[in-house]
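**Q**
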Amino acid sequence: MYHYDDFDRTLVAERVAEFRDQVARRLSGQLTEEEFKPLRLMNGVYLQLHAYMLRIAVPYGTLSSPQLRTLAHIARRYDRGYGHFTTRQNIQFNWIKLEEMPETLAALAETGLHAMQTSGNCIRNITSDQWAGVARDEIEDPRIYAEILRQHSTMHPEFSFLPRKFKIAVTAADHDRAAIRVHDIGLRMHRNGAGETGFEVVVGGGLGRTPFVGKTIKPFLHKRDLLSYIEAVLRVYNQYGRRDNIYKARIKILVHELGAEKFAAEVEEEWRAIKDGALALDEAVVADIASRFTYPDYETLTDEPASLQTARASDRRFDTWFRNSVAPHKVPGYAIVTLSLKPEGAPPGDATADQMDRIADLAERYSFGEIRVGHEQNLVLPHVAQRDLPALWTVLDAIGVATPNVGLVSDIIACPGLDYCSLANTRSIPVAQELTRRFRSLESAHNIGRLHINISGCINACGHHHVGHIGILGVEKNGQEFYQITLGGRADEHAELGSLLGPAVPYEQVADVIEDVVAAYIELRVRPDELFIDTVKRVGIEPFKERVYATH
Amino acid sequence: MTAPQQQKLKIKGPVVITGNRLGDGAVVYLTMDGGWSTQLNDAEVTTLADRATQLLSEANASDIDAVSAYVAPVIVEAGSIKPGNLRERIRVAGPTFALPGSEAR
């Protein structure tokens, strides 16, 4: 966990006081909506279809038990008893009254949570690998650098009015769990030939109406140069990014139109002027930030203790969950546990206040008080002793977060869609719910293997449909809900955008079509362990198209 | 996509003016006497673009009661006003599934 200091606490408290005054002035009519709207957005407050929505940042997806309890309290006291974890490691509450927003933010501030920069044309919540600090394939904890970027970008005046919103993700593992290649800037820590640790800098990725996979403009950036180089990227964007057309304002458009090479040259020139100035990171600064991350006092344990083996042998349900939801930890005898927020028939990513409280308790008892939020809208307990897994599973199962479907066909990413969002033109959640019912058989889901379905209710792509193995995009046609299907997208280190299967299908047919696509895959795969995404890569989308459009 | 508030005014049938109540975001409708009600049946219905434009202009003139006002289609059946599309049906009735933790789930 990272421990905030007095400076952070004061900053957040002052912001709450400032917003309290702004809300009071709005409610009394001293501020017009036009004047107030940018102020509320700077504090994560949106107006949706039928209520205000508050988006709270969870920096690099790390939460403490007290923080999760605070979120449960917010859900219960100010909302309708639940919250929604998003694809950017935030949590959203859908029903908070503007009148109670200052109280809500004050309650959040008590545990170091806030909603700053979760909206607006600024640098948004810095995201990372939800397994950061514990993954076996990681070379260093990327959150130290995510935190440095968070501190540098918080209320940074030069980057508070960018041409458009700006999203940064950092990872330090071989396998990309943070979707860095579809971010405005993606940072991948790796080692160069000399064994030094630095960053591959990927720029101009993004989804939305014009999706791009990011381009590498700097294969290796020394750690000391992180802030100066990112600042140079942002300055080039600030200078050349289009402010005349909201649809062309993201950095991905600039990188595409200039070309990655020219863009990189512009950044290089800007960077040369500032790289040895105040932004150069010296080791003492990094060490200071790193020192404020505390790590568990792990016991000396061994992998696969006898009690775990016995439990796996004697309880098939436990064993199925273990194989699906438990991952190796870098410390022997420990495990990383993913909690599925995708039970059959439920809105993806939603957790009730009671579930949040129980998970906070379990984290305290079994995971050194730490919880993570992943971009796939699940939670993680990152430090569980393997001997405790049977006892932990019993409670997770009882509270409904132990569905062993992590990474499988029913582990669906979905945006809130038209059921909440004022930008959406079709629903997402009911489509996801129906698909979880169609694929309720866990045996079948395990036979299908890893398969990511991502659903967006409009072209803004908050449900990451472009990078779903199966992507589903809702479009409105003559007042009716239709859905375009794409195949072959992926958000990992081999990121690709999906290809359109064919004409959009009506709402009622979506689940049938997806079942057909999956059935076609089962027939087309050359062996049971050829993943859906690999089959699509091998055969292309034509065989799927023939199957689907011959039937529907 | 374009949010309703940003669309040009095109009227093909009966419409009302709707928005969200400032204090809590609740869905409200402009009434005959220029006030706002949470009940769609209280709304002033018009089929005339000029009248709708005028009502919208009046609604936007004061943003202390309701915000983000726009023109929404409705269906009038047997003296009862019903939402005219899916978006408006959701605004009246809420999400189309049982909310997490609710009894219905």
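Chains as they are written, first to last, in the numbering used here: chain A, 1222 to 1773; chain B, 2 to 106.
Heads up, the beta-carbon is just placed ideally off N, CA and C, and yes, glycines get one too.
#1: To the nearest angstrom, how far is the alpha carbon of residue 1391(A) from that of residue 1309(A)?
#2: Quick check on DSSP: helix, strand or coil for residue 1444(A)?
#3: Report yes if the CB atom of residue 1669(A) is closer than 7 Å to the CB atom of residue 1653(A), and no otherwise.
#4: Please list, in chain order, all residues of the same chain as residue 1577(A) whose beta carbon is under 6 Å from its beta carbon, the five residues on each side excluded.
#5: Please state if the CB of residue 1673(A) and the CB of residue 1689(A) are separated by a distance shorter than 7 Å.
#6: Does the separation of the CB atoms of residue 1757(A) and residue 1734(A) fall below 7 Å?
#7: Measure the beta-carbon distance from residue 1605(A) to residue 1558(A) and round it to whole angstroms, keeping in mind my assumption that it falls under 8 Å.
#8: Taking only the alpha-carbon atoms, compute the straight-line gap between residue 1626(A) and residue 1563(A) and give it to the nearest angstrom.
#9: Quick check: the Cα distance between residue 1732(A) and residue 1624(A), rounded to an integer number of angstroms?
#10: Would you kindly work out how many angstroms separate the C-alpha atoms of residue 1739(A) and residue 1772(A), rounded to a whole number?
#11: Could you check whether the Cβ of residue 97(B) sits closer than 7 Å to any Cβ belonging to chain A?
#12: Could you say if the segment 1610-1625 of chain A and the segment 1322-1333 of chain A meet the contact criterion of at least three C-beta pairs nearer than 8 Å?
#13: Would you mind telling me which residues of chain A sit closer than 7 Å to residue 21(B), beta carbon to beta carbon, in chain order?
#14: Residue range of the alpha helix (DSSP H) that residue 1701(A) falls in?
#15: Could one say the Cβ of residue 90(B) lies closer than 7 Å to chain A's Cβ atoms, at least one of them?
#16: By alpha-carbon positions, which one of 1640(A), 1449(A) and 1279(A) ends up nearest to residue 97(B)?
#17: Could you tell me the boundaries of the beta strand (DSSP E) in which residue 1204(A) lies?
#18: Is residue 38(B) close to chain A, meaning its C-beta is less than 7 Å from at least one C-beta of that chain?
#19: Helix, strand or coil for residue 1629(A)? Go by DSSP, reduced to three states.
#20: With DSSP as the reference, label residue 1638(A) as helix, strand or coil.
#21: Kindly list, in the order they appear in chain B, the residues whose Cβ is closer than 8 Å to that of residue 1253(A).
#22: Enumerated in chain order, which unbroken segments of the alpha helix (DSSP H) with a length of 4 residues or greater are wholly contained in the segment 1585-1620 of chain A?
#23: Name the residue from 1319(A), 1322(A), 1315(A) and 1222(A) whose alpha carbon lies nearest to the alpha carbon of residue 101(B).
#24: Is the Cβ of residue 1272(A) closer than 7 Å to any Cβ of chain B?
#25: List, in order along the chain, the chain A residues whose C-beta lies closer than 7 Å to that of residue 58(B)?
#26: Going by DSSP, what residue range makes up the alpha helix (DSSP H) through residue 1309(A)?
#27: Is the Cβ of residue 1250(A) closer than 7 Å to any Cβ of chain B?
#28: State the CB to CB distance for the pair residue 1702(A) and residue 1728(A), rounded to an integer number of angstroms; the pair is presumed to be in contact (CB under 8 Å).
#29: Could you name each continuous alpha helix (DSSP H) segment of 4 residues or more that falls completely within the segment 1222-1248 of chain A, going from the start of the chain to the end?
#30: Could you check the C-alpha separation between residue 1296(A) and residue 1317(A) for me, to the nearest Å?
#31: For residue 1300(A), decide whether its Cβ has a neighbour in chain B, counting only Cβ atoms nearer than 7 Å.
#32: With a threshold of 7 Å between beta-carbons, can residue 35(B) be considered close to chain A, or not?
#33: In chain A, which residues lie less than 8 Å from residue 14(B) when you measure between Cβ atoms?
#34: So what's residue 1290(A) in DSSP terms, helix, strand or just coil?
#35: Report yes or no: is there a C-beta of chain A within less than 7 Å of the C-beta of residue 42(B)?
#36: Using a Cβ cut-off of 7 Å, pull out every chain A residue sitting near residue 101(B), in sequence order please.
**A** Looking at the atomic coordinates:
#1: Here residue 1391(A) corresponds to residue number 170 of the first sequence, with the count starting at 1. Here residue 1309(A) corresponds to residue number 88 of the first sequence, with the count starting at 1. Whole-angstrom Cα-Cα distance: 12 Å.
#2: Reading the first sequence from its first residue, position 223 is the one you call residue 1444(A). Here residue 1444(A) sits in helix by DSSP.
#3: Counted from its first residue, the first sequence places residue 1669(A) at position 448. Counted from its first residue, the first sequence places residue 1653(A) at position 432. Cβ atoms of residue 1669(A) and residue 1653(A): not closer than 7 Å.
#4: Translated into the one-based positions of the first sequence, residue 1577(A) becomes position 356. Residues 1289, 1292 and 1293 of the same chain have their beta carbon placed closer than 6 Å to that of residue 1577(A), with the five preceding and five following residues left out of the count.
#5: Against the first sequence, residue 1689(A) aligns to sequence position 468. Against the first sequence, residue 1673(A) aligns to sequence position 452. Their beta carbons are under 7 Å apart, which means residue 1689(A) touches residue 1673(A) by this criterion.
#6: One-based indexing of the first sequence puts residue 1757(A) at position 536. One-based indexing of the first sequence puts residue 1734(A) at position 513. In this structure, residue 1757(A) lies away from residue 1734(A), with their beta-carbon atoms at least 7 Å apart.
#7: Within the first sequence, numbered from 1, the residue matching residue 1605(A) stands at position 384. Within the first sequence, numbered from 1, the residue matching residue 1558(A) stands at position 337. Taking the Cβ atoms as the reference, residue 1605(A) lies roughly 5 Å from residue 1558(A), within the contact range of under 8 Å.
#8: As a first step, residue 1626(A) is located in the first sequence; it is residue number 405 there, counting from the start. As a first step, residue 1563(A) is located in the first sequence; it is residue number 342 there, counting from the start. When rounded, the distance between both Cα atoms is 8 Å.
#9: For this step, residue 1732(A) is matched to residue 511 along the first sequence. For this step, residue 1624(A) is matched to residue 403 along the first sequence. If you draw a straight line from the Cα of residue 1732(A) to the Cα of residue 1624(A), it comes to about 21 Å.
#10: One-based indexing of the first sequence puts residue 1739(A) at position 518. One-based indexing of the first sequence puts residue 1772(A) at position 551. Computed Cα separation, rounded: 14 Å.
#11: Counting from 1 along the second sequence, the entry for residue 97(B) is found at position 96. Chain A, which has a Cβ nearer than 7 Å to the Cβ of residue 97(B), makes this yes.
#12: Too few Cβ pairs lie closer than 8 Å, so no.
#13: Numbered from its first residue, the second sequence carries residue 21(B) at position 20. Those within 7 Å of residue 21(B) in chain A are 1268.
#14: Position 480 of the first sequence holds residue 1701(A). Segment 1701-1708 is the beta strand (DSSP E) holding residue 1701(A); no alpha helix (DSSP H) there.
#15: Reading the second sequence from its first residue, position 89 is the one you call residue 90(B). No, no contact with chain A.
#16: In the second sequence, the residue the question calls residue 97(B) occupies position 96. The residue among 1640(A), 1449(A) and 1279(A) with its C-alpha nearest the C-alpha of residue 97(B) is 1640(A).
#17: The question about residue 1204(A) has no answer here: the residues shown for chain A are numbered 1222 through 1773.
#18: As a first step, residue 38(B) must be located in the second sequence, where it is residue number 37. For residue 38(B), the nearest beta carbon of chain A is not closer than 7 Å to its own beta carbon.
#19: The residue labelled residue 1629(A) in the question sits at position 408 within the first sequence. Correct three-state label for residue 1629(A): coil.
#20: Locating residue 1638(A) in the first sequence gives position 417, where the first residue counts as 1. In the three-state DSSP reduction, residue 1638(A) falls in the helix class (H, G or I).
#21: The residue you call residue 1253(A) lines up with position 32 of the first sequence. For residue 1253(A), the C-beta contacts it makes with chain B under 8 Å involve 64, in order along the chain.
#22: Runs found: 1610-1619.
#23: Locating residue 101(B) in the second sequence gives position 100, counting from the first residue. If we check each option's Cα against that of residue 101(B), 1315(A) comes out closest.
#24: Start at 1 with the first residue of the first sequence, and residue 1272(A) comes out as number 51. It does: the Cβ of residue 1272(A) has a partner Cβ on chain B nearer than 7 Å.
#25: For the purposes of this step, residue 58(B) is identified with residue 57 of the second sequence, where counting begins at 1. Per Cβ cutoff of 7 Å: no residues; residue 58(B) is ~15 Å from chain A at best.
#26: Taking the first residue of the first sequence as position 1, residue 1309(A) is located at position 88. Here residue 1309(A) belongs to no alpha helix (DSSP H), and DSSP marks it neither H nor E.
#27: Taking the first residue of the first sequence as 1, we reach residue 1250(A) at position 29. Yes - at least one Cβ of chain B is within 7 Å of the one on residue 1250(A).
#28: Here residue 1702(A) corresponds to residue number 481 of the first sequence, with the count starting at 1. Here residue 1728(A) corresponds to residue number 507 of the first sequence, with the count starting at 1. The Cβ separation is near 4 Å, so the contact holds.
#29: Uninterrupted alpha helix (DSSP H) stretches at least 4 residues long and entirely within the segment 1222-1248 of chain A occur at 1227-1248, given in chain order.
#30: In the first sequence, the residue the question calls residue 1296(A) occupies position 75. In the first sequence, the residue the question calls residue 1317(A) occupies position 96. Approximately 9 Å, taken between the alpha carbons.
#31: The sequence position of residue 1300(A) within the first sequence is 79, counting from 1. Closer than 7 Å: no.
#32: Taking the second sequence and counting its residues from 1, the one referred to as residue 35(B) is at position 34. Interface flag for residue 35(B) against chain A is unset, since no Cβ pair is found closer than 7 Å.
#33: Residue 14(B) sits at position 13 when you count from the first residue of the second sequence. Ordered by position in chain A, no residue passes the 8 Å Cβ test against residue 14(B), which lies about 12 Å from the chain.
#34: Locating residue 1290(A) in the first sequence gives position 69, counting from the first residue. Helix.
#35: Here residue 42(B) refers to the residue found at position 41 when the second sequence is read from its first residue. Interface criterion not met: the Cβ of residue 42(B) is under 7 Å from no Cβ in chain A.
#36: For this step, residue 101(B) is matched to residue 100 along the second sequence. Those are 1303, 1567, 1568, 1571 and 1573, listed as they occur along chain A.
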